[in-house]
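Asks: I have a structure I would like to understand better, so I am pasting it below and will then ask my questions one at a time.
Numbering (UniProt numbering), first residue to last: 1 to 494.
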């Protein structure tokens with residue numbers, strides 16, 4: 001797809017018009033220059049940016065390209081023992097109970113903040129897994145607290161929470177019966193706050209005397225600058241006056257050519273540059289690590305129960321996988337600061353790197369190994385991709401089809417509230433799989449055997465519960481304490 005600034009290669013023959021328009025808009029934007037944009041096979045229209053986007057990091061950044069769920073990804077852990085067919089229903093019931101009891105979903109958070117010691121325990125383990133995570137826990141924890149305060153967030157209460165939408169907790173089975181725990185979630189409200197904070201800075205650019213002086217200095221040093229069109233006339237006037245004072249009037253055209261105008265007038269496409277990018281990347285790095293910690297908090301809650309179940313019922317140990325490690329993680333909304341690639345709805349797929357590609361809540365997950373294909377920006381699709389919007393899915397899909405599609409999968413989440421996440425809301429798996437052999441070698445195709453997703457009704461209930469709880473706290477001194485208990489308990493049971 002050609003634009004005025006670059007050409008995007010799109011690895012699919014199934015491209016909706018809305019997604020195509022978003023790609024064209026990107027290719028006409030200054031940010032696309034020399035970006036080597038590649039669009040993955042699971043492409044579909046997104047909020048602010050097309051899903052399935054990969055590109056080299058340039059000297060401009062649009063926070064909305066990554067979006068609000070910074071660091072979102074999937075963590076998979078292989079359960080080290082085999083669960084017999086006779087025990088499966090009991091096992092799934094235990095897992096479901098633990099998820100609902102210990103992992104807040106939808107709008108819910110934990111009631112209290114996690115302690116510093118608990119966060120440090122998970123951080124140290126993450127550091128052991130990731131050789132690129134070199135900063136000390138003390139340094140990271142201070143950054144997290146500072147960022148949380150800056151964006152007025154609730155980060156310390158939201159570690160170990162799932163959220164809603166397409167986020168899930170699943171159990172997937174290999175053909176030999178081995179089971180993987182998979183968790184899909186991200187940086188929760190912290191990521192949204194970071195994205196909104198920095199996109200607002202891009203949209204609400206202040207043209208101060210100090211900024212004007214900095215821009216003027218760059219131009220006079222023959223550096224190119226990028227300027228919002230609404231400030232161009234004022235800046236050109238100042239530039240020409242300065243050149244006249246310096247007896248450089250004959251060079252006006254030469255210096256004016258260094259002023260590049262921001263081509264998009266849409267606020268969601270306003271960009272950051274210079275020091276603004278550094279500030280955004282610092283905050284994004286904190287949020288990306290936070291998302292990894294969040295998945296590990298959830299995994300520990302469930303794995304503690306899993307290991308207890310295995311010991312209690314003396315489940316036999318299972319052999320390690322011949323190709324894959326016991327734990328795999330693929331992140332799909334982030335800037336990779338090691339290879340300088342932006343990925344929105346796509347994952348890295350370097351040679352030998354284990355990857356996870358979830359398909360839908362019925363068809364399971366692909367586990368594979370990357371091939372380091374530079375034409376694909378060393379990337380792969382993050383899933384199957386939506387075939388319709390959430391509103392279209394709720395309007396056009398039936399509960400009967402949803403229930404039939406999910407037969408054989410243990411779940412308590414087939415309901416009106418999750419209809420927008422039904423298997424038919426996603427593209428056929430084969431449409432994606434037929435493209436990815438250039439970038440990923442498929443090792444396992446796991447079958448979903450248990451699924452949990454928070455539906456719209458669950459999220460609304462959590463929101464109402466939180467409102468009532470806050471109301472009760474504010475009225476604590478005015479009404480009988482027992483009345484408060486009755487209201488909250490009733491909502492909890494419901």
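Ideal placement from N, C-alpha and C gives every residue a C-beta, glycine not left out.
Using a Cβ-Cβ cut-off of 7 Å (strictly less than) and excluding sequence neighbours within five positions of residue 249, which residues of its own chain qualify?
Replies: By one-based count along the chain shown, residue 249 stands at place 249. Closer than 7 Å at the Cβ level, and outside the excluded window around residue 249, lie 243.
Asks: Are there 16 or more other CB atoms within 10 angstroms of the CB of residue 21, so buried, or fewer, so exposed?
Replies: Counted from its first residue, the chain shown places residue 21 at position 21. So residue 21 counts as exposed.
Asks: Indicate whether residue 54 and residue 379 have their beta-carbon atoms separated by less than 7 Å.
Replies: Reading the chain shown from its first residue, position 54 is the one you call residue 54. Reading the chain shown from its first residue, position 379 is the one you call residue 379. For residue 54 and residue 379, yes; Cβs fall inside 7 Å.
Asks: Thinking just about the alpha-carbon of each residue, which of 165, 124 and 381 is nearest to the one in residue 389?
Replies: Position 389 of the chain shown holds residue 389. Of 165, 124 and 381, the residue nearest in Cα terms is 165.
Asks: Return yes when the Cβ of residue 385 is within less than 7 Å of the Cβ of residue 445, no when it is not.
Replies: Locating residue 445 in the chain shown gives position 445, counting from the first residue. Locating residue 385 in the chain shown gives position 385, counting from the first residue. Not in contact: residue 445 and residue 385 (Cβ atoms no closer than 7 Å).
Asks: Hey, which unbroken runs of the alpha helix (DSSP H) at 4 residues or more fall wholly within the region 241-282?
Replies: With a minimum length of 4 residues, the continuous alpha helix (DSSP H) runs that stay inside the region 241-282 are 252-256.
Asks: Ignore the nearest five residues each way along the sequence and tell me which others in residue 419's own chain have a CB closer than 7 Å to its CB.
Replies: For the purposes of this step, residue 419 is taken as residue 419 along the chain shown, with counting starting at 1. Excluding residues within five positions, the ones whose Cβ falls inside 7 Å are 393, 394, 397, 399 and 402.
Asks: Using the Cα positions of residue 372 and residue 163, report the straight-line distance between them to the nearest angstrom.
Replies: As a position in the chain shown, residue 372 is number 372, starting the count at 1. As a position in the chain shown, residue 163 is number 163, starting the count at 1. Their Cα atoms are separated by approximately 32 Å.
Asks: Where does residue 7 land, buried or exposed, given buried means 16+ other C-beta within 10 angstroms?
Replies: As a first step, residue 7 must be located in the chain shown, where it is residue number 7. With fewer than 16 Cβ atoms within 10 Å of its Cβ, residue 7 is classed as exposed.
Asks: So, helix, strand or coil for residue 16, using DSSP?
Replies: Along the chain shown, read from residue 1 onward, the residue named residue 16 stands at position 16. Reduced to three states, the DSSP call for residue 16 is coil.
Asks: Would you kindly report the start and end of the unbroken alpha helix (DSSP H) that includes residue 399?
Replies: The count along the chain shown starts at 1 and reaches residue 399 at position 399. Its alpha helix (DSSP H) spans residues 399-405.
Asks: If we ignore side chains and look at the alpha-carbon of each, how far apart do residue 10 and residue 39 end up?
Replies: As a first step, residue 10 is located in the chain shown; it is residue number 10 there, counting from the start. As a first step, residue 39 is located in the chain shown; it is residue number 39 there, counting from the start. C-alpha separation (whole angstroms): 5 Å.
Asks: Is the region 284-295 close to the region 128-144, with three or more CB pairs under 8 Å?
Replies: With a cut-off of 8 Å, the region 128-144 and the region 284-295 count as touching, because enough Cβ pairs lie within range.
Asks: Answer with buried or exposed for residue 117, where buried requires no fewer than 16 other C-beta atoms within 10 angstroms of its C-beta.
Replies: Along the chain shown, one-based indexing puts residue 117 at 117. Classification of residue 117: exposed, given that the 10 Å Cβ count is below 16.
Asks: Reducing DSSP to helix, strand and coil, say where residue 47 ends up.
Replies: By one-based count along the chain shown, residue 47 stands at place 47. Of the three classes helix, strand and coil, the one that applies to residue 47 here is coil, per DSSP.
Asks: Within the region 359-384, note down every full beta strand (DSSP E) run reaching 3 residues or more, in order along the chain.
Replies: 364-370 and 379-381, all fully within the region 359-384.
Asks: Rounded to a whole number of angstroms, what is the C-alpha to C-alpha distance between residue 280 and residue 66?
Replies: Looking up residue 280 in the chain shown gives position 280. Looking up residue 66 in the chain shown gives position 66. Their backbone Cα atoms lie some 11 Å apart in a straight line.
Asks: Flag residue 345 as yes when its Cβ comes closer than 6 Å to any non-hydrogen atom of the ligand PLP, and as no otherwise.
Replies: Absence of the ligand PLP from the depicted structure is noted, as is the absence of any ligand whatsoever, leaving it without description.
Asks: In whole angstroms, what separates the C-alpha of residue 259 from that of residue 32?
Replies: To locate residue 259, count along the chain shown from 1; it is residue 259. To locate residue 32, count along the chain shown from 1; it is residue 32. Roughly 17 Å between the two C-alpha positions.
Asks: Check whether the region 172-182 touches the region 124-134, taking contact to mean three or more Cβ pairs, one atom from each stretch, closer than 8 Å.
Replies: These segments do not touch.
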